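Quick notes on the structure that follows.
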Amino acid sequence: MGGTFDPIHHGHLVAADEARWQLDLEQVLFIPTGQPWQKPVGVTAAEDRYLMTVIATASNPAFVVSRLEIDVPGPTYTVDTLRRLRARLGPETRLFFVTGADAILQILSWKDPEEMFALAELIAATRPGHDLSDLLGAVPTAAGRVHSVRIPALAISSTDIRARVASGAPIQYLVPEGVAHYIEKRGLYREPGGGDPGEPGGGDPGEPGDLPPLADRDPR
Ligand code: ATP
Ligand code: MG
33 MGGTFDPIHH
43 GHLVAADEAR
53 WQLDLEQVLF
63 IPTGQPWQKP
73 VGVTAAEDRY
83 LMTVIATASN
93 PAFVVSRLEI
103 DVPGPTYTVD
113 TLRRLRARLG
123 PETRLFFVTG
133 ADAILQILSW
143 KDPEEMFALA
153 ELIAATRPGH
163 DLSDLLGAVP
173 TAAGRVHSVR
183 IPALAISSTD
193 IRARVASGAP
203 IQYLVPEGVA
213 HYIEKRGLYR
223 EPGGGDPGEP
233 GGGDPGEPGD
243 LPPLADRDPR
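Here the sequence shown is numbered in our numbering, starting from 33 and rising by one per residue.
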């Protein structure tokens with residue numbers, strides 16, 4: 033499951049766990065994006081997004097977080113990541129890409145949707161207000177490679193959570209508790225419109241000295 037995870041929230045976690053349950057998956061790999069080419073401006077430092085994803089998934093033995101995209105400098109494409117995963121797993125392992133239905137509708141703007149469907153099957157978590165008919169009509173290679181998973185209607189989005197933090201609204205039941213604490217500790221999302229309090233790899237949002245620069249921690 034790829035995503036900006038800015039921040040990760042219960043919508044992501046419910047979708048991932050429902051995909052795991054309904055398709056009997058062995059593992060769900062969460063892959064935070066590096067600098068996403070679709071959202072080049074105002075995205076929180078990759079290390080912060082990575083750490084929030086680790087915190088949110090820590091208690092689930094089937095959930096693992098990957099640095100595959102954040103350790104690659106420059107923009108990364110989903111198809112390149114899938115190619116690397118496929119090479120690592122070998123041809124026999126079934127590989128699925130879990131995504132919300134809204135993200136699937138952007139698939140046509142991806143670098144190479146045909147190759148994507150050859151490398152992996154797709155699990156579409158249907159989110160309120162989106163359906164798959166547009167996609168299935170537009171990409172013939174998608175036929176038979178897309179699994180739809182209905183998830184309990186969770187109208188949670190990272191955009192909304194960022195806006196709530198900026199306006200002082202509570203987020204405690206929208207994200208895991210540890211993620212809410214991390215957001216507060218690092219002072220994330222306080223600026224409306226997505227100000228970035230920490231430079232990639234090292235910012236200190238508030239009081240100096242209460243957190244070592246992220247670059248000094250061993251990320252592996
Ligand atoms: P933003 O509002 O910044 O776009 P987001 O909440 O959509 O953030 P992303 O990191 O962009 O989160 O999404 C990662 C993946 O999770 C995408 O495939 C997206 O469709 C899916 N997703 C996001 N929110 C939900 C949700 N509430 N239910 C199911 N899937 C979701
Ligand atoms: Mg999104």
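For every residue, glycine included, the Cβ atom is placed at its ideal position computed from N, Cα and C. Predicted model only: the values in this text are computed from it and were never measured.
| Item | Value |
| --- | --- |
| Rounded to whole angstroms, what's the CA-CA distance from I102 to Y82? Just pull it up for me. | 8 Å |
| I need the residues with a C-beta less than 6 Å from some heavy atom of the ligand ATP; please give them in chain order. | G35, T36, F37, D38, G43, H44, A47, T131, G132, D134, A135, A157, R159, I183, L186, I188, S189, S190, T191 |
| Residue range of the beta strand (DSSP E) that G132 falls in? | 128-132 |
| If we ignore side chains and look at the alpha-carbon of each, how far apart do V60 and M33 end up? | 7 Å |
| Quick one, which of E79, A48, G106 has its alpha-carbon nearest P93's? | A48 |
| E9 to D56, Cα distance in whole Å? | This structure cannot speak to residue 9, because the chain is shown only from 33 to 252. |
| Decide if P105 is buried, meaning its Cβ has at least 16 other Cβ atoms within 10 Å, or exposed. | exposed |
| Mind checking T265: buried by the 16 CB within 10 Å criterion, or exposed? | Limits of the chain in this structure are 33 at one end and 252 at the other, which puts residue 265 out of reach. |
| With burial defined as no fewer than 16 other Cβ atoms inside 10 Å of the residue's Cβ, what is the status of S190: buried or exposed? | buried |
| Within the same chain, show all residues whose beta-carbon is closer than 6 Å to that of Q204, passing over the 5 residues directly before and after it, in chain order. | A212 |
| Given L186, which residues of its chain have a CB within under 6 Å of its CB, disregarding the five upstream and five downstream residues? | G43, V46 |
| Residues bridged to S180 by DSSP? | A156 |
| At what residue ranges does the stretch 57-98 contain a whole run of the alpha helix (DSSP H), taking only runs of 4 or more? | 78-89 |
| Within the same chain, show all residues whose beta-carbon is closer than 8 Å to that of F129, passing over the 5 residues directly before and after it, in chain order. | M33, G34, T110, L114, M148, A152, E153, L154, I155 |
| What residue does the alpha helix (DSSP H) around D192 start on, and which one ends it? | 190-199 |
| Measure the CB-CB distance between V75 and D38 and report whether it falls below 8 Å. | yes |
| Would you list the residues sitting across from G35 in a DSSP beta bridge? | P64 |
| Between the alpha carbons of R118 and P184, how many angstroms are there, rounded? | 30 Å |
| If you follow the alpha helix (DSSP H) that D112 is part of, which residue opens it and which one closes it? | 110-121 |
| Count the other C-beta atoms from every protein chain shown that fall within 10 angstroms of the C-beta of G122, then say buried if there are 16 or more, exposed otherwise. | exposed |
| Indicate the three-state DSSP secondary structure (helix, strand or coil) for D103 in the structure shown. | coil |
| Is the beta carbon of T89 closer than 8 Å to that of F62? | yes |
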